[in-house]
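A quick write-up on the structure given underneath.
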Amino acid sequence: MAETILVLNAGSSSIKFELFEVAPGDRLASRFSGQIEGIGVRPHLYARKAGGETLVDRAVALEEAADVERAMGVVEAWLDEILDGSPAAVGHRVVHGGPVHAAPIAIDARVLTTLESFVPLAPLHQPNNLAPIRSLLRRRPDLLQVACFDTGFHRGHGELADRFALPEALWEEGIRRYGFHGLSYEYIAARLPELAPEIAQGRVIVAHLGSGCSMCALRAGRSVESTMGFTALDGLPMGTRPGQLDAGVVLHLLTAKGMDAAALERFLYHECGLKGLSGISNDVRVLLASPDPRAKRALDFFTYKIAQMTGWLAAALEGLDGFVFTAGIGENAPTIREAVAHRLAWLGMTLDPHANAVHGPLISAAGSRVRVYVIPTDEELMIARHTLAILRRGRPGGAARSTAAG
Ligand code: ADP
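Structure, rendered in structure tokens:
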């Protein structure tokens, strides 16, 4: 059997997976991807080949996938059925690497304990990310597992970018601006020299606009600033999260409105953003198609904030050479890209309407001072690359494998 790398991305209600084959020259080729979704509610397993053919599409009994750990068992059993051997390694998306972890790392029991200590920094995401790691570590201690962090790519930020104006003790406790979507930005930074060599060494803003939205300032391919901060709540408005919000509003909701912490958390993560603002939907496709003025207002607010944050990031970069749109909205919504560019005409941004309509990759007009691109992101491929690199590094002395075996 060809050597393969399995990539896992476990959330609260779904586990996404993608299997990559290691082709000659260590080129990674996707073989299939899928997910088990509706964990704990109405679990469903779905997977399709890279070519599009469906491999599995079936409901899963609730008791088999009542939580992330058991759902992982369902995924493993299905993989055992269709694979003629074990993957050589498993790469995981882990939201938080804390202040210390920038680079991906082979996981053993000690590393897992460190990653568990970051649960208070990302209570909604980190436990779900770690659940499959723990179960695989127990069941397959010999299997190399690698953690790749959403925060990692931003760890080279200067201290000014990472700080809040809060007392020193809180900084020491890890109350810092970490930034997220790092695997997406790292992938885009790696694509720039191939697709946009004239800006790759310059000052570039990348807008990751998906169900979560953030923007990253790159200088010569390295992150120097992010719109997301301590959590993935900050910065741009998103499908259901408000983005930047006066802390006084949170105090008001707690005191005058009598919300408790759990209600507030639910509200801020699930009821705000485009969904809350429009009262219609969190999905940009639905909002673009709606004649309701509330949909237009929500999208106007969205593009206004993207343009505003561009100014904020351009100040951190002291100028701007390039701008990249990526993720679900960024890759697929020419109308949103046009609205953003229109608001940024003062910065020297003009789009070529035809190139924008066909999604580029270069979508700026010939005379545009800022070069604008659409580049599809691939966080799973980035994880697979990191995992393969650690697998290869470990091979001569078997170091990474014995580390994984803990
Ligand atoms: P995630 O991977 O974070 O779940 P995606 O990057 O796939 O999210 O982005 C999902 C979002 O992209 C959807 O909520 C939808 O608003 C938006 N989207 C997807 N396709 C289109 C499209 N053709 N036009 C506008 N928006 C789109």
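This note's numbering runs 15 ahead of the 1-based position in the sequence shown.
For each residue, glycine too, the CB sits at the ideal point set by N, CA and C.
Keep in mind that this is a model prediction, so the values were computed, not measured.
Through-space distance from residue j to residue i, alpha-carbon basis
i: residue 23; j: residue 103; result: 14 Å
i: residue 412; j: residue 44; result: Residue placement at residue 412 is flagged as unreliable, the pLDDT there being 41, under the threshold of 50; a coordinate-derived value is accordingly withheld.
i: residue 127; j: residue 92; result: 24 Å
i: residue 150; j: residue 214; result: 44 Å
i: residue 79; j: residue 31; result: 17 Å
i: residue 397; j: residue 180; result: 34 Å
i: residue 106; j: residue 28; result: 19 Å
i: residue 200; j: residue 261; result: 27 Å
i: residue 270; j: residue 276; result: 11 Å
i: residue 381; j: residue 352; result: 17 Å
i: residue 216; j: residue 338; result: 13 Å
i: residue 195; j: residue 19; result: 27 Å
i: residue 84; j: residue 308; result: 44 Å
i: residue 88; j: residue 281; result: 28 Å
i: residue 152; j: residue 165; result: 21 Å
i: residue 403; j: residue 297; result: 36 Å
i: residue 21; j: residue 35; result: 6 Å
i: residue 359; j: residue 392; result: 23 Å
i: residue 287; j: residue 252; result: 8 Å
i: residue 378; j: residue 388; result: 5 Å
i: residue 383; j: residue 367; result: 9 Å
i: residue 283; j: residue 38; result: 44 Å
i: residue 425; j: residue 74; result: What the structure shows of the chain is the stretch from 16 to 421, and residue 425 is not part of that stretch, so it cannot be assessed.
i: residue 240; j: residue 273; result: 35 Å
i: residue 111; j: residue 137; result: 7 Å
i: residue 175; j: residue 193; result: 12 Å
As assigned by DSSP and simplified to three states, the class of residue i
i: residue 337; result: strand
i: residue 115; result: coil
i: residue 413; result: For residue 413, the predicted structure reports a pLDDT of 42, less than 50, and the residue's modelled location is therefore unreliable. The matter cannot be settled from this model.
i: residue 172; result: coil
i: residue 278; result: helix
i: residue 32; result: strand
i: residue 150; result: helix
i: residue 285; result: helix
i: residue 269; result: helix
i: residue 397; result: helix
i: residue 108; result: strand
i: residue 177; result: helix
i: residue 317; result: helix
i: residue 374; result: coil
i: residue 49; result: strand
i: residue 160; result: strand
i: residue 240; result: strand
i: residue 21; result: strand
i: residue 185; result: helix
i: residue 324; result: helix
i: residue 69; result: strand
i: residue 42; result: strand
i: residue 369; result: helix
Cβ shell of residue i (< 8 Å), same chain only, five flanking positions each side left out
i: residue 70; result: 47, 49, 62, 63, 64, 97
i: residue 41; result: 403, 407
Cutoff 6 Å; reference residue i; Cβ partners in own chain excluding five residues on either side
i: residue 224; result: 342, 344, 345
i: residue 113; result: 133
i: residue 349; result: 371, 372
i: residue 228; result: 251, 253
Buried versus exposed, by CB contacts within 10 Å (16 or more), residue i
i: residue 323; result: exposed
i: residue 410; result: Unreliable positioning characterises residue 410 in this predicted model, as indicated by a pLDDT of 49, which lies under 50. The coordinate reading is nonetheless provided below. It is exposed - the Cβ of residue 410 has fewer than 16 other Cβ atoms within 10 Å.
i: residue 57; result: exposed
i: residue 357; result: exposed
i: residue 408; result: exposed
i: residue 100; result: exposed
i: residue 218; result: buried
i: residue 325; result: buried
i: residue 140; result: buried
i: residue 177; result: buried
i: residue 17; result: exposed
i: residue 334; result: exposed
i: residue 72; result: exposed
i: residue 66; result: exposed
i: residue 267; result: exposed
i: residue 263; result: exposed
i: residue 249; result: buried
Sequence-distant residues of the same chain with beta carbon closer than 7 Å to residue i, five excluded per side
i: residue 355; result: 318, 321, 322
i: residue 90; result: 30, 32, 51
i: residue 301; result: 295
Residue i Cβ short of 7 Å to the ligand GDP heavy atom set
i: residue 303; result: This structure simply doesn't include the ligand GDP; it includes the ligand ADP instead.
Below-8 Å beta-carbon distance, residue i vs any chain C residue
i: residue 48; result: Chain labels in this structure do not include chain C; a single protein chain is all it has.
Check whether the stretch 109-120 and the stretch 164-175 touch, using three or more Cβ-Cβ pairs below 8 Å as the test. yes
Would you check if the stretch 203-211 and the stretch 142-156 touch, i.e. whether three or more CB-CB distances between them fall below 8 Å? no
- Does the stretch 181-188 come close enough to the stretch 366-374 that 3 or more CB-CB pairs lie under 8 Å? no
message: Whether or not the stretch 292-303 and the stretch 248-266 are in contact is what I'm after, with contact meaning three or more pairs of Cβ atoms, one per stretch, closer than 8 Å; do they touch?
response: yes
Three or more C-beta pairs closer than 8 Å, one from the stretch 353-369 and one from the stretch 239-253: is that the case here? no
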